[in-house]
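In my numbering, the protein residues as written are 3 to 428. Ideal Cβ placement from N, Cα and C applies to all residues, glycine included. Keep in mind the model is a prediction, meaning the values are calculated, not measured. Data first, discussion second: the structure below is written as structure tokens.
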């Protein structure tokens, strides 16, 4: 059963705005992906695949245009049509693949040492305590890669030292040492790859950097995003959606919060929805050093033009389920984010869910992937469909199709070039 839960002090409509009654004709999306080794080209390809799948699920005509470069940001245009609307969206992708690559391309030993150093900083800054207090599964997610590597090393050392443990002749090291090496390489290394262990080490290294803002390359990236967003906001649109996934939510919060600090009126006259998908802002903001990030969260929450929507899922362990992000960032008196609960099991077919349900990272990615089953959330529908993004705070599948039950889809999209040539309208 789909359900929506509201925090007691949330507000769906601010300042008399009706954010859900109208149809969106033109939209600008500023998307911040999660911590993945994907550049804009690969994110564009993923969106194309996901949009094709979702279009079939929702009986929409969707066209995804080519990828273009605008400064350091990339964008592509998407058009979607059904019986009573044509919606044109321009989607900017603020991927941080350059940061991911810089962290994951280091020598293995350096990655391991940097990862453990980052984990130590998280613990010393109160992050671990906060994780278990507010989302114990996220606390286990934090510990798992570091404990796994420690277990592998200890198990290999135990095998290597068997001659000493068993008090047998020294020559037995001739078989115990090769056996220990073989177990590590043939058993643990494949397990590390399957569980993306070293990738998670890098994730925590970036998380600490996002909290402390003590790495020049991270600060430069945030400044670059700010400049590109200023230009993107010059595009005229009915609504502006700032979507973010996982670690990308922290990047988005920093960027938008700093823009609001520079110019509190930057969104004046615009309808803005700030959407976090499996967001991990608290991954960084619970660290004591993340004072700037916590201030940014407060600015976004208090911006009168911004509606904040958190999309969360019970079966996703890699976020802070049911958490009050704004309050936990130190702003209990500010308007709180609206929370929409989704279920991956209802977004995909039973066969697919059976394949992915034990893959934590795959489940965590489902927020930004296509759906083969209608449910109360779909990323393509939110970023390219006819309904305002804020509508997904209480969306049900019938909300889309009730609008066109008396019309014919083919007649509505039969005009030559309407869905194909959307770039000229921006």
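Please tell me whether residue 113 and residue 254 are closer than 8 Å, where the distance is taken between their beta carbons. Not in contact: residue 113 and residue 254 (Cβ atoms no closer than 8 Å).
Among the candidates 218, 370, 150, 174, whose CA atom is the shortest distance from the CA of residue 200? 150
Who are the Cβ neighbours of residue 298 in its own chain at under 6 Å, not counting the five residues just before and after it? If you ignore the 5 residues before and after residue 298, its C-beta comes within less than 6 Å of the C-beta of 255, 256, 259, all in its own chain and listed in chain order.
Would the beta-carbon of residue 33 fall within 8 Å of that of residue 245? yes
Give the single residue among 302, 359, 353 whose Cα lies nearest to the Cα of residue 332. 302
Touching or not, the stretch 89 to 97 and the stretch 227 to 240, by the rule of three or more beta carbon pairs under 8 Å? yes
Beta-carbon separation (whole angstroms), residue 311 vs residue 339, contact threshold 8 Å: 7 Å
Nearest-angstrom Cα separation, counted from residue 165 out to residue 181: 12 Å
Three or more C-beta pairs under 8 Å: does that hold for the stretch 74 to 92 against the stretch 378 to 396? yes
Give the secondary structure of residue 408 by DSSP, where H, G and I count as helix, E and B as strand, and everything else as coil. In this predicted model, residue 408 has a pLDDT of only 38, less than 50, meaning its place in the structure is not dependable; the value taken from the coordinates is given anyway. Of the three classes helix, strand and coil, the one that applies to residue 408 here is coil, per DSSP.
Starting from the C-beta of residue 350, find all residues in its chain whose C-beta is less than 8 Å away, skip the five residues before and the five after it, and write them out in chain order. 358, 368, 373, 374, 375
Considering just the uninterrupted stretch of the beta strand (DSSP E) at residue 76, what are its terminal residues? 75 to 84
Please give me, in chain order, every unbroken run of the beta strand (DSSP E) with length at least 3 that falls completely inside the stretch 298 to 362. 308 to 315, 340 to 344
Residue 55 versus residue 176: straight-line alpha-carbon distance, rounded: Residue 55 and residue 176: Cα-Cα distance of roughly 56 Å.
Report the three-state DSSP secondary structure of residue 376 (helix, strand or coil). coil
Chain-order list of residues whose beta-carbon lies under 7 Å from that of residue 172 (same chain, five-residue window excluded): Counting only residues of its own chain and dropping the five nearest sequence neighbours on each side, residue 172 has a CB closer than 7 Å to the CB of 165.
Look at the Cβ atom of residue 248, then the Cβ atom of residue 320, and state whether they are nearer than 8 Å. At a Cβ-Cβ threshold of 8 Å, residue 248 and residue 320 count as neighbours.
Let me confirm a value: residue 400 is counted as buried when at least 16 other C-beta atoms fall within 10 Å, else exposed. Which label applies? exposed
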